[in-house]
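Structure, as structure tokens:
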Amino acid sequence: MSTTEAPAVPASDGARFDAEHWRQRLAELAAKHGVPGAQLGIFRLGADGAPDEQLVVSHGHLHVPAQIPVSDDAVFQIGSISKVWTATVAMQLVDEGLISLDTPIVEALPDFELADMDVARTVTLRHLLTHTSGIDGDVFTDTGRGDDNLEKYVALLKEQTQNHPIGATWSYCNAGFSLVGRVIEKLTGKAWDTAMRERLYAPLGLKATGTLPEEAILHPAAVGHNVAEDGTATVVPVWSLPRPLGPAGLITCPVGDLLSFARMHLAGGLAADGTRVLSEAAVAEMASKQAELPDPYTLGDSWGVGWIRFDWSGHRLIGHDGNTIGQAAFLRLLPEAGLAVGLLTNGGHTRDLYMDLYREIFSELAGVEMAQPLQPVEGAVGDITSHVGTYERASVRIEIEAPAEEGGRPVLRMTPLGLLAELEDDPGTDFELHPVEGDDLWVTREPGTETWMAVTFYELPGGEQYVHLGARATPKKAA
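Just so we're aligned, residue 5 is where the sequence shown starts under the numbering used here, counting upward by one.
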């Protein structure tokens, strides 16, 4: 691997991070939002020969019943932030000429099958990395702990139907990243876990990052919690998702390792020691706009190759969130300032904590104001009638009901299906809908939380009706 100097970024004001201030704010806001344990990391890339700046602070407990405190070196599940790591290794293979973003993946996986074989023959690496394949992607089937787990998982996808026509809209797809993991295996000749360790963790100098429970248990490790309204925290019944979901969401690491990964992307593909991990062209491609979102409110306004893209007051950020069983993670990079912020948590109202904390951090350290979250609009009137009905995909059923009485609220009933329902022991939840604009844009929120979620109704050119919620497009079933 070659070495060069990291590209220059705008200089900071020279102020060092105030560790005590951010430790206190993390503790105060975690307590406010019922988050049992958390790590916060802030990084700024040094400019013009100045050293990098990094801060890591921790709060609370890794395991509440056992009263095990969070330490700065403890590992958390970063969930779907893992997707950006998987995309990075896929882009290494693009750098090496082993595949291109627009190569149909059947060239790497000749036996690949879907229920729609036209899609199986034409879906590309770019479709998978940008969530535009249309594959109904919340498939959590456990295909075992062996190194053949991804091979078996991909074989099961021959029964998987389309959530939407390929390239027709955007919908978050976990299965697509497990597919990318299998492509990595075929092109490297190694298990995904091994390829990630050799191609990414080792060049970045990461000592605590891993993908398997037996790797995590070598370090202080967070467990997920369910937190009741009275603040009582109980440990979740399952520690992680099945192994074949690894490329989509099973990496564990401390926030310091997460920042080392972010640093490499801020530095144009270079590790801290100057090792070239990814080409500058690949780093730029990953951050570039690849797809617009039907719902530009819940996450970002657009998607890159692996990365979510955010517009905060005219400033372009990239990042990703991660949600696993009882754990949640958040990563944001502001390339123009060489700034990265990571937050790892293990239960409670984690998105509320993220919103409050990141709003303060980016305002104080970069002068950048977070995009305003969507809210109900006072006086707005919406008619839900045309959207009433049942919407369904592999892991969830969504039922939209008109108000039960005059002056009442429409209701969205969400019922998990399949393995995910079993893992989370969730019988379903009813949500009141509040209008924002016209008949097609509404908001709702989880009981006890402050952050509203967008509920967007729309049609494809062919007339197919969808509801977009939680970053997924869910098609309406025929009456």
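Heads up, the beta-carbon is just placed ideally off N, CA and C, and yes, glycines get one too.
Touch test, the segment 71-85 against the segment 311-328, Cβ-Cβ under 8 Å, three pairs minimum: yes
For V93 and S6, the rounded distance between their alpha carbons: With a pLDDT of 35 at S6, under the threshold of 50, the predicted position of this residue should be treated as unreliable, though the coordinate-derived value follows. Using only the alpha carbons, I get a separation of about 17 Å.
Start-end ranges of the beta strand (DSSP E) lying completely within the segment 270-333, minimum 3 residues: Counting only runs of at least 3 residues, the segment 270-333 fully encloses the following beta strand (DSSP E) elements, listed from N- to C-terminal order: 312-316 and 319-327.
Bridge partners - K480, DSSP secondary structure assignment: Y395
Q96 burial status per 10 Å Cβ neighbour count (16 or more: buried): buried
Cutoff 8 Å: R413 Cβ touching any chain C Cβ: Although the question refers to chain C, the structure presented lacks it and comprises just one protein chain.
Presumed contact (8 Å Cβ cut-off) between V287 and P380, rounded CB distance: That pair is no contact at about 39 Å.
CB-CB length for A33 against L357, believed under 8 Å: Correcting the residue type first, residue 33 is Leu in the shown sequence and not Ala. Yes, L33 and L357 are in contact; Cβ-Cβ is about 5 Å, under 8 Å.
Rounded C-alpha distance that separates E163 from A119: 5 Å
Closest residue to R508 among A51, D76, H438 and G371 (Cα-Cα distance): In the structure as shown, the chain starts at 5 and stops at 483, and residue 508 therefore has no counterpart that could be examined.
Contact between the segment 250-262 and the segment 63-70 (3+ Cβ pairs under 8 Å): no
Segment limits, beta strand (DSSP E) that includes R401: Under the DSSP assignment, R401 falls in the beta strand (DSSP E) whose first and last residues are V400 to E405.
Between the CA atoms of S306 and S317 - distance to the nearest angstrom: 15 Å
Beta-carbon contacts of T165 that lie in its chain and below 6 Å, excluding the five residues immediately before and after: Answer for T165: A119 and D140, listed in chain order.
A199 to K190 span [Cα, whole Å]: About 11 Å.
Cβ shell of A252 (< 7 Å), same chain only, five flanking positions each side left out: S84, S86, K87, N178, F181 and S182
Start-end ranges of the beta strand (DSSP E) lying completely within the segment 332-360, minimum 3 residues: Taking 3 residues as the minimum length, the beta strand (DSSP E) runs contained wholly in the segment 332-360 are 332-338 and 343-349, in order along the chain.
Range covered by the beta strand (DSSP E) that runs through M457: M457 to E463
I46 - containing beta strand (DSSP E), residue span: G41 to R48
Whole beta strand (DSSP E) elements within the segment 201-278, 3-residue minimum: Counting whole runs of 3 or more residues, the segment 201-278 contains the beta strand (DSSP E) stretches 229-231 and 237-239.
Reduced DSSP category for R29 - H, G, I as helix; E, B as strand; rest coil: helix
Exposure of K480, with buried meaning 16 or more beta-carbon neighbours within 10 Å: buried
Host alpha helix (DSSP H) of Y157 (start-end): N153 to L160
Local conformation of S62 per DSSP, three classes: strand
L113: first and last residue of the uninterrupted beta strand (DSSP E) it sits in: It is not in any beta strand (DSSP E) - L113 carries neither H nor E in the DSSP assignment.
Own chain residues within Cβ distance below 8 Å of G111, not counting five before or after: Just to set this straight, residue 111 is Glu in the shown sequence, not Gly. So the list reads I103, once near-sequence residues are dropped.
Residues bridged to I139 (per DSSP): Q166
Unbroken alpha helix (DSSP H) run spanning E189, endpoints: N178 to T192
Three CB pairs or more closer than 8 Å across the segment 232-241 and the segment 209-218: Touching, no, given that fewer than three Cβ pairs across the two stretches are closer than 8 Å.
Whole-angstrom distance between E463 and H438, CA atom to CA atom: Going by the C-alpha atoms only, they are around 20 Å apart.
Identified DSSP bridge partners for F80: Residue pairing by DSSP places F80 opposite C257 in a beta bridge.
Touch test, the segment 468-476 against the segment 397-406, Cβ-Cβ under 8 Å, three pairs minimum: yes
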